[in-house]
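Colleague: My questions will all concern the structure given below.
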Amino acid sequence: MTSPAPIWRRCAAAFYDGLLLLGLWMVALVVDTIVRDLVGLDRNWAALRAYLFLVGLGFFGWSWTHGGQTLGMRSWRLRVQRSDGAPLRWLDAALRYAVMLLCWGVALTPALLQVPQLASRPHAATIRAAALIALAMGLLWTLLDARRRAPQDRLSGTELVWLPPARTG
């Protein structure tokens, strides 16, 4: 029997998976730099963003479509599934990943706007306030939902469940 994942477990798994994603992106940047230097290409920021998006989609998409768990989710006994209990398809995973990145971006915006170079920009305080309001609304949305679905779950038709401990003996 499964139950909706508690928010603190979701956050712990997200932190773990965020560190893994950061590591994958660093390796991807090294590969990009080496290939560009070998071929003699200038940096194309749009192509780099698309490449990093696809690297992350590969990690999350493969994990979610092959067992429903990333390493962070496995550590906290969480699994993502479609709302009907079926495994995710690649389209489900891609939509969930895109919305998840957007949510992470909103959640990290107030902290990033503490950096002096960004804090001094016009409208930084307004953007920080808007991000905090959006973050609070997303958390409230998750808390009030009977199945604890976050925005990325609702929009992709998925849910995150907490798995019971494995029986031994």
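With our numbering applied, the sequence shown covers 757 to 925.
Each residue gets a CB set at the ideal place from its N, CA and C atoms; glycine is no exception.
All values reported here derive from a predicted model rather than from experimental measurement.
#1: Tell me, to the nearest whole angstrom, how far the beta carbon of A849 is from that of G817; I am working on the premise that it is less than 8 Å.
#2: Throw me the rounded Cβ distance for the D773 and G828 pair, which I believe falls under 8 Å.
#3: Look at the alpha carbon of T924 and the alpha carbon of W846, and state the distance between them as a whole number of angstroms.
#4: If you count every other CB in all the chains shown that lies within 10 Å of the CB of A770, and 16 or more means buried, which is it?
#5: Keeping to the same chain, check which residues put their C-beta closer than 8 Å to that of I763; ignore five residues upstream and five downstream.
#6: Does the distance from the CB of D793 to the CB of L804 come in under 8 Å?
#7: For W781, tell me which candidate among R835, W832, A806, R799 has the shortest Cα-Cα distance.
#8: In whole angstroms, give me the CA-to-CA distance for R833 and L916.
#9: Pull up the distance between the alpha-carbon of P907 and that of Q873, whole angstroms please.
#10: Count the other CB atoms within 10 Å of the CB of G779; is the residue buried (16 or more) or exposed (fewer)?
#11: Leaving out five residues before and five after R852 in sequence, what residues of the same chain have Cβ atoms less than 6 Å from its Cβ?
#12: Please go through the segment 891-920 and give each complete alpha helix (DSSP H) segment of 4 or more residues, from N-terminal end onward.
#13: Using the Cα positions of L810 and A784, report the straight-line distance between them to the nearest angstrom.
#14: Please report the distance separating the alpha-carbon of R765 from that of W820.
#15: Starting from Q837, trace the alpha helix (DSSP H) both ways and give me its first and last residue.
#16: Buried or exposed: where does L775 fall if 16 or more other Cβ atoms within 10 Å of its Cβ makes it buried?
Modeller: Judging by the given coordinates:
#1: Within the sequence shown, residue 849 is the residue found at index 93, counting from 1. Within the sequence shown, residue 817 is the residue found at index 61, counting from 1. A849 to G817, Cβ: 4 Å. Contact.
#2: Within the sequence shown, residue 773 is the residue found at index 17, counting from 1. Within the sequence shown, residue 828 is the residue found at index 72, counting from 1. Between G828 and D773 the Cβ distance is about 4 Å, and since that is below 8 Å, they are a contact.
#3: Reading the sequence shown from its first residue, position 168 is the one you call residue 924. Reading the sequence shown from its first residue, position 90 is the one you call residue 846. In a straight line, the C-alpha of T924 is about 33 Å away from that of W846.
#4: Taking the sequence shown and counting its residues from 1, the one referred to as residue 770 is at position 14. By the 10 Å Cβ count, A770 comes out buried.
#5: In the sequence shown, counting from the first residue as 1, residue 763 sits at position 7. For I763, where only same-chain residues beyond five positions count, the Cβ hits under 8 Å are L895, T898, L899, R904.
#6: By 1-based counting over the sequence shown, the position of residue 793 is 37. By 1-based counting over the sequence shown, the position of residue 804 is 48. Not closer than 8 Å, so no.
#7: Along the sequence shown, read from residue 1 onward, the residue named residue 781 stands at position 25. Here the closest residue by C-alpha is A806.
#8: As a first step, residue 833 must be located in the sequence shown, where it is residue number 77. As a first step, residue 916 must be located in the sequence shown, where it is residue number 160. About 10 Å.
#9: If you number the sequence shown from 1, residue 907 lands on position 151. If you number the sequence shown from 1, residue 873 lands on position 117. Taking the straight line joining both Cα atoms gives about 30 Å.
#10: Here residue 779 is taken as the residue at index 23 of the sequence shown, counted from 1. So G779 counts as exposed.
#11: The sequence position of residue 852 within the sequence shown is 96, counting from 1. Same-chain partners within the cutoff: Q908, S912, T914.
#12: 907-912
#13: Here residue 810 is taken as the residue at index 54 of the sequence shown, counted from 1. Here residue 784 is taken as the residue at index 28 of the sequence shown, counted from 1. Taking the straight line from one Cα to the other gives about 10 Å.
#14: Position 9 of the sequence shown, counting from 1, holds the residue named residue 765. Position 64 of the sequence shown, counting from 1, holds the residue named residue 820. Those two C-alpha atoms are separated by around 17 Å.
#15: Stepping through the sequence shown from its first residue, residue 837 is reached at position 81. Premise fails: Q837 lies in the beta strand (DSSP E), 834-838, not in any alpha helix (DSSP H).
#16: Translated into the one-based positions of the sequence shown, residue 775 becomes position 19. Exposed: under 16 other Cβ atoms inside 10 Å.
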